[in-house]
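Beneath this line is the structure, given in structure tokens, with notes to follow.
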Amino acid sequence: MIKIFELLKDIQVTNDFIKDVINNNGYNSIILDYYKRLEEEEHIDLTNKINSIDDCNSIWTLDKYELQKIKDFKKTNLCKDKFCNNCKKVKQASRLSQFVPQLKKLEEEFDLFHVTLTVPNVEGHDYNKLIKTIKTMFKSYRKLNHYLMDIESIKDISFKKYFYVGSIRSLEVTYKNDSYHPHLHCIFAMKKGLKLSKRFKNTYSYSKKNGTRSFSSFEILIQKIWRLTNEGKKVTKKSIDDLEIGYSCSVDKIEDEHYFEVFKYMTKSNSDDEEDFMSYDNFKVLYYSLKSVRQIQGYGILYNLKEKENYEEEVDYLYNKIIDELKEKELPIEVMEAPEDLLKQNDYLIISRKKVFSYLRQL
Ligand SMILES: [Zn+2]
Numbered sequence: 001m002i003k004i005f006e007l008l009k010d011i012q013v014t015n016d017f018i019k020d021v022i023n024n025n026g027y028n029s030i031i032l033d034y035y036k037r038l039e040e041e042e043h044i045d046l047t048n049k050i051n052s053i054d055d056c057n058s059i060w061t062l063d064k065y066e067l068q069k070i071k072d073f074k075k076t077n078l079c080k081d082k083f084c085n086n087c088k089k090v091k092q093a094s095r096l097s098q099f100v101p102q103l104k105k106l107e108e109e110f111d112l113f114h115v116t117l118t119v120p121n122v123e124g125h126d127y128n129k130l131i132k133t134i135k136t137m138f139k140s141y142r143k144l145n146h147y148l149m150d151i152e153s154i155k156d157i158s159f160k161k162y163f164y165v166g167s168i169r170s171l172e173v174t175y176k177n178d179s180y181h182p183h184l185h186c187i188f189a190m191k192k193g194l195k196l197s198k199r200f201k202n203t204y205s206y207s208k209k210n211g212t213r214s215f216s217s218f219e220i221l222i223q224k225i226w227r228l229t230n231e232g233k234k235v236t237k238k239s240i241d242d243l244e245i246g247y248s249c250s251v252d253k254i255e256d257e258h259y260f261e262v263f264k265y266m267t268k269s270n271s272d273d274e275e276d277f278m279s280y281d282n283f284k285v286l287y288y289s290l291k292s293v294r295q296i297q298g299y300g301i302l303y304n305l306k307e308k309e310n311y312e313e314e315v316d317y318l319y320n321k322i323i324d325e326l327k328e329k330e331l332p333i334e335v336m337e338a339p340e341d342l343l344k345q346n347d348y349l350i351i352s353r354k355k356v357f358s359y360l361r362q363l
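Here is the structure:
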């Protein structure tokens with residue numbers, strides 16, 4: 001019995017988690033106001049969107065075991081809006097639970113690297129400018145992938161020693177006031193045991209955020225090719241050599257925290273320094289520039305790493321055992337409750353079968 005109790009802890013939906021959901025619903029009321037303002041200003045119909053955000057996480061459906069004081073979370077309404085703080089987390093957690101096991105398996109054969117590719121900030125609340133920048137980044141990424149895969153070649157430069165076999169790229173746009181910072185978080189699969197010795201320093205070696213760091217020759221090469229392609233310039237050995245400095249990019253052996261970066265949602269509800277909540281101008285620019293953007297794309301052997309829309313199918317063997325045990329004592333009744341009410345009635349332990357919860361707890 002002790003063992004079952006231990007397991008219950010692993011699948012528990014904590015009060016802190018429920019509090020977060022309620023807080024995020026509070027933030028959503030600001031987002032709702034933004035959508036209403038946008039609807040009026042732009043003469044567009046956003047009724048469905050507004051209603052579904054309003055409904056997001058308003059009621060949870062649970063199985064209640066009265067004698068054992070346990071409530072088993074079954075489902076909730078999710079709006080899936082890109083600005084909803086609850087759904088952003090669910091999305092990230094669901095991606096982590098889908099992709100991390102697959103990537104960890106790949107690590108048996110290849111080394112994985114977390115690669116960050118940046119471009120200069122886009123200044124001003126001008127969504128057309130940001131749309132254009134993002135398009136160029138995606139195009140440049142395809143090009144970079146071609147070079148690394150040796151589908152296109154640069155005379156006198158070979159990438160063969162890295163044994164690059166594919167990657168995932170994921171877009172994020174952060175902002176501060178009217179300055180937007182689009183960048184890509186990527187995972188490269190390269191040769192097992194590849195050592196990138198970091199021996200070079202340049203302007204990007206010194207930053208407040210990362211302190212002092214050195215770069216490998218591979219990073220310097222990526223920085224320059226990334227700049228040349230984004231500026232629409234021809235990539236040759238000469239143009240690379242002639243370029244004094246590329247764009248800020250880094251390549252590091254992957255660590256668990258990087259997965260959270262790669263699979264998080266496209267944008268945060270706070271400015272880069274976490275100080276200010278997204279302004280209406282930020283919202284409008286991000287609404288239009290991220291509207292039909294595919295955030296995550298795989299290349300090479302990771303091309304087929306596609307996101308499943310329905311991630312809720314995963315069944316945990318241990319979880320079933322727990323439920324069987326609970327049901328031996330009593331059959332549950334289905335109840336529907338608002339998260340606020342669940343918090344008030346705190347003599348129940350709330351559990352959930354959804355694997356995403358185990359990732360959500362880490363976020
Ligand atoms: Zn939502």
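Residue numbers (the UniProt record's numbering): 1 to 363. Where is the CB? At the ideal position from N, CA and C, for every residue including glycine.
Taking 6 angstroms as the limit between beta carbons, can you name the residues of its chain near residue i, skipping five residues before and five after?
i	result
residue 449	Look at the range of the chain in this structure, 1 to 363, and you will see that residue 449 is not part of it.
residue 115	186, 188, 251
residue 194	111
residue 196	216, 218
residue 204	248
residue 46	35, 39
residue 152	146
residue 143	229
residue 354	none
residue 117	184, 226, 249
Comparing the C-beta of residue i with each C-beta of chain B, is any distance below 7 angstroms?
i	result
residue 337	This model lacks chain B altogether, as it is built from one protein chain only.
According to the Cβ coordinates, are residue i and residue j closer than 7 angstroms?
i	j	result
residue 123	residue 179	yes
residue 11	residue 225	no
residue 71	residue 348	yes
residue 280	residue 34	yes
residue 295	residue 130	no
residue 444	residue 86	A query on residue 444 cannot be resolved here, the shown segment of the chain reaching from 1 to 363 and no further.
residue 63	residue 334	yes
residue 148	residue 127	no
residue 265	residue 88	yes
residue 32	residue 59	no
residue 61	residue 336	yes
residue 145	residue 299	yes
residue 282	residue 141	no
residue 125	residue 13	no
residue 25	residue 55	no
residue 159	residue 254	no
residue 65	residue 330	yes
If I measure Cβ to Cβ from residue i and keep anything under 7 angstroms in the same chain, skipping five residues before and after, which residues do I get?
i	result
residue 137	119, 182, 184, 230
residue 302	166, 167, 168, 189
residue 327	none
residue 237	154, 155, 156, 157
residue 340	22
residue 239	228, 233
Taking 8 angstroms as the limit between beta carbons, can you name the residues of its chain near residue i, skipping five residues before and five after?
i	result
residue 15	343, 346
residue 246	220, 222, 223, 224, 225, 226, 227, 228
residue 396	The requested residue 396 is not part of the displayed model; the chain covers only 1 to 363.
residue 272	174, 175, 176, 181
residue 57	21, 24, 25, 76, 77, 78, 86, 339
Evaluate the contact criterion for the segment 201–217 versus the segment 100–109: three or more CB pairs, one atom per stretch, below 8 angstroms. Touching, no.
Taking only runs of the beta strand (DSSP E) that begin and end inside the segment 217–282, which ones reach a length of at least 3 residues, in chain order? Complete beta strand (DSSP E) runs here, min 3: 249–253.
At least three beta-carbon pairs within less than 8 angstroms, the segment 88–100 to the segment 252–270: With a cut-off of 8 angstroms, the segment 252–270 and the segment 88–100 count as touching, because enough Cβ pairs lie within range.
Whole beta strand (DSSP E) elements within the segment 285–310, 3-residue minimum: Contiguous beta strand (DSSP E) elements confined to the segment 285–310 occur at 296–300, taking only those with 3 or more residues.
Output the residue ranges of the beta strand (DSSP E) runs that lie fully inside the segment 77–140 and measure 3 residues or longer, sorted by chain position. The qualifying runs are 111–118.
4-residue-minimum alpha helix (DSSP H) runs that sit fully inside the segment 130–215, ordered along the chain: Taking only runs of at least 4 residues, no alpha helix (DSSP H) segment lies wholly in the segment 130–215.
Taking only runs that begin and end inside the segment 5–39, name each unbroken alpha helix (DSSP H) of 4 or more residues, in chain order. Counting only unbroken stretches of 4 or more residues, no alpha helix (DSSP H) element lies wholly within the segment 5–39.
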